[in-house]
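Every number in my numbering is 95 more than the matching position in the sequence shown, counting from 1. What follows is one structure encoded as structure tokens, with my remarks underneath.
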Amino acid sequence: MELTVLGAGPAYTDRQGATGAAYLVQAGDTSILLDLGQGSFPRLAAAIEPSRLGAVIVSHLHPDHFIDLIPLRHYLVYQFAPPRRVTVLGPAHLAERIDALHAQPGLSADALDTSQLGTRQRQIGEVTVEARLVTHTEESYATRLSLASGAGLVYSGDCGVADDLAPLIRPGDTLLVEASFGPGPVPKGVNHLDGPAIARLVAATRPGAILLTHIQMGFDRQAAVDAVAAATTAPVRLVEPGDRYRV
Numbered sequence: 096m097e098l099t100v101l102g103a104g105p106a107y108t109d110r111q112g113a114t115g116a117a118y119l120v121q122a123g124d125t126s127i128l129l130d131l132g133q134g135s136f137p138r139l140a141a142a143i144e145p146s147r148l149g150a151v152i153v154s155h156l157h158p159d160h161f162i163d164l165i166p167l168r169h170y171l172v173y174q175f176a177p178p179r180r181v182t183v184l185g186p187a188h189l190a191e192r193i194d195a196l197h198a199q200p201g202l203s204a205d206a207l208d209t210s211q212l213g214t215r216q217r218q219i220g221e222v223t224v225e226a227r228l229v230t231h232t233e234e235s236y237a238t239r240l241s242l243a244s245g246a247g248l249v250y251s252g253d254c255g256v257a258d259d260l261a262p263l264i265r266p267g268d269t270l271l272v273e274a275s276f277g278p279g280p281v282p283k284g285v286n287h288l289d290g291p292a293i294a295r296l297v298a299a300t301r302p303g304a305i306l307l308t309h310i311q312m313g314f315d316r317q318a319a320v321d322a323v324a325a326a327t328t329a330p331v332r333l334v335e336p337g338d339r340y341r342v
């Protein structure tokens, strides 16, 4: 599988080009998009013709992870006659949330086939998708994508308890994980991760590579990398839009 980082930004930032979460995973003829946050649709459209997506998987219902489903919907409706369609899997009520942005019931259904992701294993083309509920919002998911053989990609979405991710991680997997509060600490009552929490997770689960993302404005990015790297011999990198990784 190949991972292309389209957007890796948090909910707000002063870093030019740091658009919202969006990660394209491709394996053969199968293309799956993990989240589609603010400003990342143009990079999606530059990387792949968007109607070719096998699915968009939305981790949770915070706008920095799904808001660019609106331009995706408009593209599918107005760029083609008849409109084309894309499958979207995510939390319950995602379609209603999209529709509410325009106060137009049925808006998403014009082009998006939206259903609840849930935790059952499913097959999307060549890729096996496993999902697990994690601590963040009422219904937030982490996901593992894998082929029939070889290591997988585990994506945390947003997650407030690192141990929630452990059941998805197999030794050798690539872990794409939010590190919102950099080297820490995470404020009390905030459901996000920092470098020390991720370090404890990777020491216990032994992923083959760790990709840090979604670091908030004002936190030391390199210090977050260093905190995780101290706990593992695996490579630890901070992702940027345009990065590509083999999984």
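Backbone N, C-alpha and C fix where the C-beta goes; we use that ideal spot for every residue, glycine too.
C-beta atoms of residue i and residue j nearer than 8 Å
i: Val-342; j: Leu-98; result: yes
i: Val-281; j: Leu-271; result: no
i: His-155; j: His-231; result: yes
i: Gln-211; j: Pro-178; result: no
i: Glu-225; j: Leu-263; result: yes
i: Thr-209; j: Ile-152; result: no
i: Val-323; j: Val-297; result: yes
i: Leu-129; j: Leu-139; result: no
i: Ala-246; j: Thr-269; result: yes
i: Leu-260; j: Val-229; result: yes
Option nearest residue i by Cα separation, candidates the options
i: Gly-279; options: Val-249, Pro-302, Asp-321; result: Asp-321
i: Ser-241; options: Gly-123, Ala-319, Tyr-107; result: Gly-123
i: Val-183; options: Phe-175, Pro-200, Gly-213; result: Gly-213
i: Val-331; options: Ala-274, Lys-283, Arg-217; result: Ala-274
i: Leu-207; options: Phe-175, Pro-158, Gly-112, Ala-150; result: Ala-150
i: Val-222; options: Asp-205, Gly-284, Ser-235, Ser-244; result: Ser-244
Min CB distance residue i to chain C below 8 Å
i: Arg-215; result: Of the protein chains in this structure there is only one, and it is not chain C.
Endpoints, alpha helix (DSSP H) assigned at residue i
i: Tyr-170; result: 164-173
i: Ala-141; result: 136-142
Same chain, Cβ closer than 8 Å to residue i, neighbours up to 5 away in sequence not counted
i: His-160; result: Gly-115, Ala-116, Asp-130, Leu-131, Gly-132, Val-153, Ser-154, Gly-252, Asp-253
i: Gly-277; result: Asp-289, Gly-290, Ile-310, Gln-311, Phe-314, Asp-315, Arg-316, Ala-318, Ala-319
Residue i: first and last residue of the uninterrupted beta strand (DSSP E) it sits in
i: Gln-311; result: Per DSSP, Gln-311 belongs to no beta strand (DSSP E) and is neither H nor E.
i: Gly-102; result: 97-102
Contacting residues, own chain, Cβ-Cβ under 6 Å from residue i (five flanking each side not counted)
i: Ile-162; result: Gln-133
Would you check if the region 181-199 and the region 164-172 touch, i.e. whether three or more CB-CB distances between them fall below 8 Å?
-> A contact exists between the region 164-172 and the region 181-199.
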